[in-house]
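J.: Going by the numbering used here, 259 is the number at position 276 of the sequence shown; the sequence numbering is gapless.
Dumping the structure here so I can ask a few things about it.
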Amino acid sequence: MTLSVSKGQTVDLRTQPVDEVLDRVARSLQVRFLPDTVVRKRRSVGARSNRDTWVRVERRLLDKITDQGWNGTECAARLEGVAQPAWQGCVVWRDVDGPVMWRADETGLLPAAPVGSAVLSEAPELPDEWWKALNASLDALAVQRTKRVATPDTDTITQELVTETVRSAFPGDFDTHVRRWVPAHADLNWANMTAPVFSVFDWEDWGNAPQGLDSASLWASSLAVPTLADRVRQERRRDFESRDGKLMTLFVCSKILGPYAHPEDPRLESARCMAEQVIEELQAR
């Protein structure tokens, strides 16, 4: 037995008991977890093992698992030129108490600590070499070939989703059609990258997405620190100048400004100003 969760109930693994889940994973992978290394997030729990690996355990509802499966971290192991921890193995099972799947992926340890939280409030100290490594990995990722489709926020990204999300916040007269789809991490933020040695992790949602999704997502995670947001736009200029990159800028802005906007989000004004600028640029084309 894992967690006793009723159907449709929202579960936050930061507050729910997870000892039985971790015990099951430890037995299956034949590892022992170091108790003081456990990191708990809303949908996942991670810990360091006694064989110097990291194990990430995620809970996902069945209706959030598409026909392509739920093995993003495993599939990402074949990506060339992308700095990431080496994948080593996994265990997957269905919860007996509801429409839920559990998956644990074991990878090598991160080469450094995560940069920070998903949305930063202070600028991190990142050397030029770090930005070069970021660009090299994102550029290498974009030229890979895959049949996977990205699932940002566990939602499969489609043309329909892009249009609906953008229109939920910006009902203006401009075309929302995506022209170029390329492989993307699909959850690129400051909590999923390391520094001072660059690597990117948490690959469960990667797949094809509109060009510029990763760059726009990282920019959105930086908006509370204007100089950092500007640096992201400078480094990923080619994405942001593309038509699809402009659409992805609106896509991430709509998540900040749309129906679920938080009134105290420090990114609101910056997102609003950028959205107005981008809409003007799209209407001028």
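Yeah, the Cβ is synthetic: ideal placement off N, Cα and C, and Gly gets one too.
Among Arg77, Leu62, Ala69, Lys47, which residue has its Cα nearest to the Cα of Val8?
T.: The count along the sequence shown starts at 1 and reaches residue 8 at position 25. The option with the nearest alpha carbon to Val8 is Arg77.
J.: Taking the runs of the alpha helix (DSSP H) that are 4 residues or longer, which of them lie wholly in the segment 51 to 104?
T.: The segment 51 to 104 contains these whole alpha helix (DSSP H) runs: 55 to 59.
J.: Restricting to runs no shorter than 4 residues, where is the alpha helix (DSSP H) found entirely within the segment 243 to 267?
T.: Listed in chain order, they are 251 to 266.
J.: Put Glu108 into one of helix, strand or coil per three-state DSSP.
T.: Here the question's residue 108 lines up with position 125 in the sequence shown. Looking at Glu108 - three-state DSSP - the assignment turns out to be coil, as it is neither helix nor strand.
J.: Quick one: grab the DSSP three-state call for Leu(-4).
T.: Numbered from 1 along the sequence shown, position 13 holds the residue referred to as residue -4. Of the three classes helix, strand and coil, the one that applies to Leu(-4) here is coil, per DSSP.
J.: Under the assumption that Val40 contacts Ala106 (Cβ atoms under 8 Å), give the Cβ distance between them as a whole number of angstroms.
T.: Numbered from its first residue, the sequence shown carries residue 40 at position 57. Numbered from its first residue, the sequence shown carries residue 106 at position 123. 32 Å between Cβ atoms; not a contact.
J.: Apart from the five residues just before and just after Arg(-3), which ones in its own chain have a Cβ nearer than 8 Å to its Cβ?
T.: Translated into the one-based positions of the sequence shown, residue -3 becomes position 14. Within the same chain, Arg(-3) has close Cβ partners Arg23, Lys24, Arg25.
J.: Is the segment 28 to 36 touching the segment 89 to 101 in the sense that three or more CB pairs, one from each, lie closer than 8 Å?
T.: Touching, yes.
J.: Who are the near neighbours of Phe153 in its chain, counting only those whose CB is closer than 7 Å to its CB and skipping five residues on each side?
T.: Numbered from 1 along the sequence shown, position 170 holds the residue referred to as residue 153. The answer, listed in chain order, is Leu233, Ser237, Ala258, Ile262.
J.: By alpha-carbon positions, which one of Val75, Asp170, Val235 ends up nearest to Trp189?
T.: The count along the sequence shown starts at 1 and reaches residue 189 at position 206. The residue with the shortest Cα to Cα distance from Trp189 is Asp170.
J.: Looking only at its chain, what residues have a beta carbon closer than 8 Å to the beta carbon of Cys283, apart from the 5 residues adjacent to it on each side?
T.: Only positions -16 to 268 of the chain appear in this structure, which leaves residue 283 out of reach.
J.: Alpha carbon to alpha carbon, how far is Ala116 from Phe181?
T.: One-based indexing of the sequence shown puts residue 116 at position 133. One-based indexing of the sequence shown puts residue 181 at position 198. Roughly 6 Å between the two C-alpha positions.
J.: List the whole-angstrom C-beta distance separating Arg31 from Thr20, where the pair is believed to meet the contact cut-off of C-beta under 8 Å.
T.: Numbered from its first residue, the sequence shown carries residue 31 at position 48. Numbered from its first residue, the sequence shown carries residue 20 at position 37. Yes, Arg31 and Thr20 are in contact; Cβ-Cβ is about 4 Å, under 8 Å.
J.: Using only the alpha-carbon positions, how far apart do Arg216 and His160 sit?
T.: By one-based count along the sequence shown, residue 216 stands at place 233. By one-based count along the sequence shown, residue 160 stands at place 177. One C-alpha to the other measures close to 22 Å.
J.: How long is the line joining the alpha carbons of Arg42 and Val83, rounded to whole angstroms?
T.: Start at 1 with the first residue of the sequence shown, and residue 42 comes out as number 59. Start at 1 with the first residue of the sequence shown, and residue 83 comes out as number 100. Going from the Cα of Arg42 to the Cα of Val83 covers about 7 Å.
J.: Does the separation of the CB atoms of Leu62 and Leu124 fall below 8 Å?
T.: As a first step, residue 62 must be located in the sequence shown, where it is residue number 79. As a first step, residue 124 must be located in the sequence shown, where it is residue number 141. Contact: yes.
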